[in-house]
Amino acid sequence: GAKAVGIVLIVAAGAYQLQHFHRQARALSQPLDVTQTTDYKAAQFLDRNYTGLKAFVSGETGTWLNAFTDIPQLNSGHEPFNPNPVLDAVIYAIYSDQNAGDQAAAISITWLKAFGCHTIHMAPSRIYGQIFGHPHKFDGVLPLVWHDGNAAIYEVPQRSKSLAHVTPASAIVADAPINGLDVHEAAGYVAALDDPSLPDAPLTWINPGEARIETILHSGQVISVQSTYDKGWTATANGRPAAVTRDGLGLSVIHADCDGPCTVDFLFDGGLERKICRILSWTVTIAALIGFVVFYRRSPKPTA
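The working numbering applies: residue 1 is where the sequence shown begins, and numbers increase by one.
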């Protein structure tokens, strides 16, 4: 009857859909030698030649980069939980060059240097096509150090490989940029980073939450760390507590108050917010275990 016909039609429709899904899955799941992909080749090049140095890596290559290497990135294509809102404007400006005119390359370089990037990878997206407003803006401006097809990596000259820098307190960016074209204060900060008269400040990571900085500091100078500020970061300078503040770019500034050789320990302890969250997490876990035990003991036992 009608019921049997309906069942047959539903099964036929389901079989057709299943066949369609199977065909699509086979098309998307082809065997691949990952070592022959441009994503892998770019990652290996950066790992060999710019070990541990921050990079701006575009598109899907950025998404896959840290599956192949530990190269730190300015961005990786997805920013929903980015703790530094300034980066949204910066990354948009580097990609789009909207209203930048003939200053497109100069503005992008200012941002790359301000955030400690030593390289920038540029390539079209396999999904969205060309994602840079001016994909050749660095030609003849920055050294081209690698290319594979239409993918290229340019080197961004930096005076120091460290993420920590001694700068005059007056060079620290005070106000957040109003948009990605607002590089006035950032340019002053970059000029301080490039100043050869200022001492180096080598930064060594002891573990992901602890670093040591060795430098020479004098009155009126601070240590800028090109790492996003968080209340969980603390510092000691020559064994004494040192204040850590946020600059206008969302980066960390250590007020070491040294006059001469200065050893700074930069430590992430989680801050009050994370400590409270850990306490609450353990409280909920213990309460759940107690509730389970009480419920088990009060449950009626089966009778013979």
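The beta-carbon is built from N, C-alpha and C at its ideal position, and this holds for glycine as well.
TODO: Take every Cβ of the stretch 88–102, pair it with every Cβ of the stretch 176–195, and state whether three or more of those distances are shorter than 8 Å.
DONE: yes
- [ ] Go through its chain and collect everything with a Cβ distance to Asp200's Cβ below 6 Å, but skip five positions before and after it.
- [x] The count along the sequence shown starts at 1 and reaches residue 200 at position 200. The answer, listed in chain order, is Ser160.
Task: Candidates Ala211, Cys117, His255, of which the one nearest Val190 by Cα - done: For the purposes of this step, residue 190 is taken as the residue at position 190 of the sequence shown. Nearest of Ala211, Cys117, His255 to Val190, Cα basis: Cys117.
Open item on the list: Pull the bridge partners of Cys262 from the DSSP assignment, please.
Closed with: The residue you call residue 262 lines up with position 262 of the sequence shown. The partner list for Cys262 (beta bridge, DSSP) reads Thr215.
TODO: Give me the Cα-Cα distance between Asp194 and Ala114, rounded to the nearest whole angstrom.
DONE: Within the sequence shown, the letter at position 194 stands for residue 194. Within the sequence shown, the letter at position 114 stands for residue 114. Cα to Cα, the separation comes out at about 10 Å.
TODO: Go ahead and label Ile276 buried or exposed: buried means 16 or more other beta carbons lie within 10 angstroms of its beta carbon, across all protein chains shown.
DONE: Position 276 of the sequence shown holds residue 276. Ile276 is exposed by the Cβ-count criterion.
TODO: Just mark Tyr50 as buried or exposed, buried being the case when its beta carbon has 16 or more other beta carbons within 10 Å.
DONE: Start at 1 with the first residue of the sequence shown, and residue 50 comes out as number 50. The residue is buried, with at least 16 neighbouring Cβ atoms inside 10 Å.
Task: Limits of the alpha helix (DSSP H) - the one that Arg305 falls within - done: This structure leaves residue 305 out entirely; the chain is present only between 1 and 304.
Task: Outcome for Thr285 when other beta-carbon atoms lying within 10 angstroms are tallied against a minimum of 16 - done: Along the sequence shown, one-based indexing puts residue 285 at 285. With fewer than 16 other Cβ atoms within 10 Å, it is exposed.
Task: Per-residue burial, Thr204 [other beta carbons within 10 Å of its own, 16 or more giving buried] - done: Position 204 of the sequence shown, counted from the first residue, corresponds to residue 204. Exposed, by the Cβ-count rule.
- [ ] Figure out for me which residue from Lys137, Pro208, Trp233, Ala12 has the closest Cα to the Cα of Ala123.
- [x] The residue given as residue 123 occupies position 123 in the sequence shown. Comparing Cα-Cα distances from Ala123 to each of Lys137, Pro208, Trp233, Ala12, the minimum goes to Lys137.
TODO: Provide the residue span of the beta strand (DSSP E) that contains Ile223, from first to last.
DONE: Locating residue 223 in the sequence shown gives position 223, where the first residue counts as 1. It spans 221–228 - the beta strand (DSSP E) in which Ile223 sits, taken as one unbroken run.
Open item on the list: Considering only the alpha carbon of each residue, which of Thr263, Ser281, Leu251, Val5 lies closest to Asn82?
Closed with: Along the sequence shown, one-based indexing puts residue 82 at 82. The candidate whose alpha carbon is nearest that of Asn82 is Leu251.
Open item on the list: Looking at Ile95: is its Cβ nearer than 8 Å to the Cβ of Gly133?
Closed with: In the sequence shown, residue 95 corresponds to position 95, counting from 1. In the sequence shown, residue 133 corresponds to position 133, counting from 1. Correcting the residue type first, residue 95 is Tyr in the shown sequence and not Ile. The answer is yes: Cβ separation under 8 Å.
- [ ] Mind the definition here: the stretch 252–271 touches the stretch 285–297 only if three or more C-beta pairs lie below 8 Å; say whether that holds.
- [x] no
TODO: Could you name each continuous beta strand (DSSP E) segment of 3 residues or more that falls completely within the stretch 101–154, going from the start of the chain to the end?
DONE: 119–122, 144–148
Open item on the list: Can you tell me whether Ser108 is buried or exposed? The criterion is at least 16 other CB atoms within 10 Å of its CB, across all chains shown.
Closed with: For this step, residue 108 is matched to residue 108 along the sequence shown. Ser108 should be labelled buried.
Task: Asp70 versus Tyr296: straight-line alpha-carbon distance, rounded - done: Residue numbering aside, residue 70 sits at position 70 when the sequence shown is read from its first letter. Residue numbering aside, residue 296 sits at position 296 when the sequence shown is read from its first letter. Each residue's alpha carbon lies about 47 Å from the other.
TODO: Please work out which residues of its chain come closer than 7 Å, Cβ to Cβ, to Thr228, disregarding the five sequence neighbours upstream and downstream, and give them in chain order.
DONE: Numbered from its first residue, the sequence shown carries residue 228 at position 228. If we look at Thr228 and ignore the five residues flanking it on each side, its Cβ neighbours are Pro83, Asn84, Gly250, Leu251.
Open item on the list: Short of 6 Å in beta carbon distance, which residues of its chain neighbour Gly271, apart from the five on each side in sequence? Order them along the chain.
Closed with: Numbered from its first residue, the sequence shown carries residue 271 at position 271. Result list for Gly271: Lys231, Gly232, in chain order.
- [ ] Look at Gln73 and Ala55 and say whether their C-beta atoms are less than 8 Å apart.
- [x] Taking the sequence shown and counting its residues from 1, one reaches residue 73 at position 73. Taking the sequence shown and counting its residues from 1, one reaches residue 55 at position 55. Yes, they are a contact pair.
Task: For Leu198 and Thr245, believed in contact at Cβ under 8 Å, the rounded distance - done: Within the sequence shown, the letter at position 245 stands for residue 245. Within the sequence shown, the letter at position 198 stands for residue 198. Not a contact, Cβ separation roughly 20 Å.
Open item on the list: Spatial neighbours of Thr234 within its chain, please: C-beta separation below 6 Å, excluding the five flanking residues on both sides.
Closed with: Along the sequence shown, one-based indexing puts residue 234 at 234. So the qualifying residues of the chain are Leu267, Asp269.
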